[in-house]
Amino acid sequence: SIVNAASFCTLYHFMNIAFALKDNILLTLPSTHPVDEPPNVLLPAIKTFLGASCSLDDGGIDLAWSLLKALVWTGNLKSISFHHYKTRTCTPQGVVAASSCKTDYFHNYSINHTYYTTVPANIQVAEHVYIEHQVIELFITSIEVSWTSATNCARLYNIALRLGKEAPQDYPVRFVLTSDHVWDGFILLALLEDCECHHTLLIVPHCGNQNEHLKDVMRARNQRIQLYGHEEFRRHYCKKCTRMYKDPDGKPERRISVVVIDGVTVGHSCCAIFNCYIPPSNNRHRFCPTHRPVQENLCSMIGCDNPIVNGHRTSSIKEHQYVEETGNTPATAVTKKKKRVRAQFGHHRTFCQELLVAPCGLISYRTTYYGAKGVASVAVRCSLICLEGSPAHIFYDNNCHLAKHIKGDAYFQDIGLSVDIFHFHCKHSEKDTFCQENCNPAAFPELKGEGGKGWFFNSSIAEQTNAWFGGYHSICQEMLVDKFNFFLDEMIIRGNRGTLQKLAEGGQTP
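According to the working numbering, the sequence shown is numbered sequentially starting from 140.
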């Protein structure tokens with residue numbers, strides 16, 4: 140039963156590794172055993188190694204060895220063209236004559252770094268370094284639910300899971316995980332699962348370091364999510380975020396779906412030019428590659444366009460050099476100019492992340508604000524979000540200004556805009572007539588509970604979500620933009636899956 144078209148690649152991989160282990164197998168045999176005869180059974184240690192390498196159980200190893208031991212032992216493998224740790228075949232599913240086969244297949248991918256269609260049980264994160272799928276899942280879950288850093292994930296493995304095992308003295312790598320291994324495993328598993336979900340293959344360049352050859356595919360996923368939102372969640376409705384409401388005045392029953400918008404201070408480094416979206420090459424640069432050639436030669440004081448003095452980051456003006464040397468603003472600059480001079484010696488940081496959250500806790504969209512979160516930007520974002528139909532109501536803590544801004548906009552014509560209950564009572568003045576008349580949640584009966592008591596929707600869900608989402612700030616604040624967006628999107632995806640599971644278990648029929 141083990142010999143079928145779907146398992147040829149596994150069998151060839153088995154023969155290749157078994158042949159490479161021949162000397163090790165001989166060492167386990169009695170001295171009286173003929174060296175030209177294979178043993179009938181393999182020791183448990185050899186079986187364990189072969190099973191882990193070929194994804195076969197003990198029964199599969201015993202059956203494969205009984206069928207192929209003579210071929211492996213004689214080394215008559217030329218017709219299949221085996222090589223240590225790699226197998227020459229035309230496809231992972233079958234074999235063609237070796238003369239027409241030009242592709243080398245490895246454990247996770249072929250030679251052009253095209254990964255296989257299914258997520259492997261063991262993922263190669265570096266040369267000679269493989270991590271079990273479930274171990275990477277443990278790392279990602281630790282990061283998601285308890286904001287564990289990659290460094291502490293590696294420490295967790297080295298202390299609790301490594302079990303004191305040491306590599307042989309001449310082995311090219313140590314049996315110790317680092318934060319780089321954790322991050323590479325995180326990114327590879329997330330990309331492989333994303334490709335599996337969308338029925339595509341993960342293809343990356345077969346050159347350069349791990350960070351570089353994964354950057355393009357990470358950026359492609361980031362751009363897709365930024366354009367379409369989280370596709371698997373945008374069509375979501377459940378009893379906590381949607382209701383069928385019948386107006387008391389006899390109008391037909393209509394569907395009421397609600398979203399809540401809020402920002403959270405989680406950001407990455409960006410160009411020191413205000414609202415520039417081009418990322419710096421690294422976190423040590425003040426400016427993006429476009430602005431850097433010119434701006435690096437100008438004074439760092441804001442508003443001063445004089446060239447810098449050699450060895451300084453400011454111009455020849457004494458007050459400016461004093462600020463650079465001491466970090467303090469001179470008193471004369473304040474009293475004579477009537478305003479305090481300011482400097483920009485480092486890069487900027489993005490303003491915040493804005494989340495679009497359903498009252499049930501599902502996050503359907505995330506975006507980054509670079510300079511500031513004005514109501515004009517919020518209006519544009521709302522109209523561009525690819526939701527499956529517009530929501531009936533939007534909670535936003537600054538809806539009174541947003542409502543003024545979008546007055547007459549056809550997109551918002553049938554969308555209710557109110558301030559969430561907490562901010563309305565605590566942050567908005569009763570003297571603001573426009574806010575009281577247009578953004579009071581009590582003015583929208585569809586938001587109230589049964590019989591007009593309490594509230595049907597949780598308008599504070601964004602604040603509650605921010606308490607969880609803000610915990611990632613210390614983990615991702617020094618990431619470059621591609622990894623930053625990839626990481627936060629993956630956390631949202633996994634958080635949403637957990638939310639969907641809770642909703643299903645709670646009878647909310649998501």
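Every residue, glycine too, gets a C-beta built ideally from N, C-alpha and C.
The structure presented is a predicted model; accordingly, all values stated were derived computationally and were not measured.
Looking only at DSSP bridge pairs, what is E305 linked to?
None, per the DSSP bridge assignment.
Please report how far the alpha carbon of E617 lies from the alpha carbon of A299, in whole angstroms.
Their Cα atoms are separated by approximately 28 angstroms.
Candidates G637, E629, P428: which alpha carbon is nearest L331's?
Nearest C-alpha to L331: E629.
Should H612 be listed as close to the ligand NAD, given that the test is whether its C-beta is under 8 angstroms from any heavy atom?
Questions concerning the ligand NAD fall outside what the structure shown contains, since it holds no ligand whatsoever.
Contact defined as beta carbons within less than 8 angstroms: I believe I275 pairs with L340. What is the distance between those atoms, to the nearest angstrom?
The Cβ separation is near 20 angstroms, so there is no contact.
If we count the other Cβ atoms within 10 Å of its Cβ and call it buried at 16 or more, is Q492 buried or exposed?
Classification for Q492: buried.
Nearest CA to the CA of H320: which residue from Y310, C334, E266?
Minimum Cα distance to H320 is reached at E266.
How is the beta strand (DSSP E) around T187 delimited, first residue to last?
T187 -> not in any beta strand (DSSP E); alpha helix (DSSP H) instead, spanning 183-193.
Taking only three categories from DSSP, how would you classify S238?
Confidence at S238 is low in this model, with a pLDDT of 41, below 50, so its placement is unreliable and no value can be given for it.
Going by the DSSP bridge assignment, what does V397 pair with across the sheet?
Bridge partners of V397: H532.
Would you mind working out which of L182, C499, Q434, A306 sits nearest G637, comparing C-alpha positions?
It is C499 whose Cα lies nearest to the Cα of G637.
Taking only the alpha-carbon atoms, compute the straight-line gap between D323 and Q552 and give it to the nearest angstrom.
Straight-line Cα distance between these residues: approximately 47 angstroms.
How would you call H564, buried or exposed, if buried means at least 16 neighbouring beta carbons within 10 angstroms?
Under this definition H564 is an exposed residue.
In the stretch 262-346, which residue ranges form an unbroken beta strand (DSSP E) of at least 3 residues, counting only runs that do not cross its ends?
Within the stretch 262-346, the complete beta strand (DSSP E) runs of at least 3 residues are 268-271.
According to DSSP, E493 sits in a beta bridge with which residue or residues?
G402, T506, per the DSSP bridge assignment.
Leaving out five residues before and five after C377 in sequence, what residues of the same chain have Cβ atoms less than 7 angstroms from its Cβ?
Here the set comprises C499, L642, Q647, T648, P649.
By Cβ distance below 6 angstroms, which residues in the same chain neighbour V315 in space, the five residues on each side in sequence not counted?
N297.
Taking the C-alpha atoms as reference points, what is the distance between L437 and G450?
If I take the Cα positions, the gap works out to 12 angstroms.
Beta strand (DSSP E) containing M383: first to last residue?
It spans 381-384 - the beta strand (DSSP E) in which M383 sits, taken as one unbroken run.
Can you tell me which of the three DSSP states Y254 falls into?
The answer is strand: DSSP assigns Y254 an E or B state.
Compare the C-alpha of S549 against each of V343, A518, L181, E589 and name the closest.
Before going further, note that residue 549 is Ala rather than Ser in the sequence given. Ranking V343, A518, L181, E589 by Cα distance to A549 puts A518 first.
Is it buried or exposed, L181, if we count other Cβ atoms within 10 angstroms and call 16 or more buried?
The residue in question, L181, is buried, as its Cβ has 16 or more Cβ neighbours within 10 Å.
Do you know whose CA, among Q460, V433, N445, V496, lies nearest R373's CA?
The option with the nearest alpha carbon to R373 is V496.
Would DSSP call S522 helix, strand or coil?
In this structure, S522 counts as helix in the three-state DSSP scheme.
Can you list, in chain order, the residues of its chain with a C-beta nearer than 6 angstroms to that of E271? Leave out the 5 residues immediately preceding and following it.
N261, listed in sequence order.
Does the contact criterion of 3 or more C-beta pairs under 8 angstroms hold for the stretch 342-355 versus the stretch 278-292?
Result no; under three Cβ-Cβ pairs closer than 8 angstroms.
Determine whether the beta carbon atoms of V268 and V312 lie at a separation below 9 angstroms.
The answer is yes: Cβ separation under 9 angstroms.
Could you pull the DSSP bridge partners for Y248 from this structure?
Y254.
Can you give me the start and stop residues for the alpha helix (DSSP H) that D557 sits inside?
Reading off the sequence, residue 557 comes out as Ser, not Asp. Run containing S557: none in the alpha helix (DSSP H); it sits in the beta strand (DSSP E), 555-557.
Nearest-angstrom Cα distance between V620 and F583?
Taking the straight line joining both Cα atoms gives about 40 angstroms.
Measure the alpha-carbon distance for D536 versus I400 and round it to whole angstroms.
Their Cα atoms are separated by approximately 8 angstroms.
What would DSSP say about I219, mapped onto helix, strand or coil?
Confidence is the limiting factor: at I219 the pLDDT is only 43, short of 50, which leaves the residue's position unreliable, though a coordinate-based value still follows. Of the three classes helix, strand and coil, the one that applies to I219 here is coil, per DSSP.
Quick one, which of V174, P173, S194 has its alpha-carbon nearest V156's?
According to the sequence shown, residue 156 is Ile rather than Val. It is S194.
Cα separation between C380 and N350?
Roughly 40 angstroms between the two C-alpha positions.
Which whole runs of the alpha helix (DSSP H) in the stretch 400-442 are 4 residues long or more, in chain order?
As far as the stretch 400-442 is concerned, its whole alpha helix (DSSP H) runs of at least 4 residues are 431-434.
For L639, count neighbouring C-beta atoms within 10 Å of its own C-beta (all shown protein chains included) and say buried if the count is 16 or more, exposed if not.
Buried.
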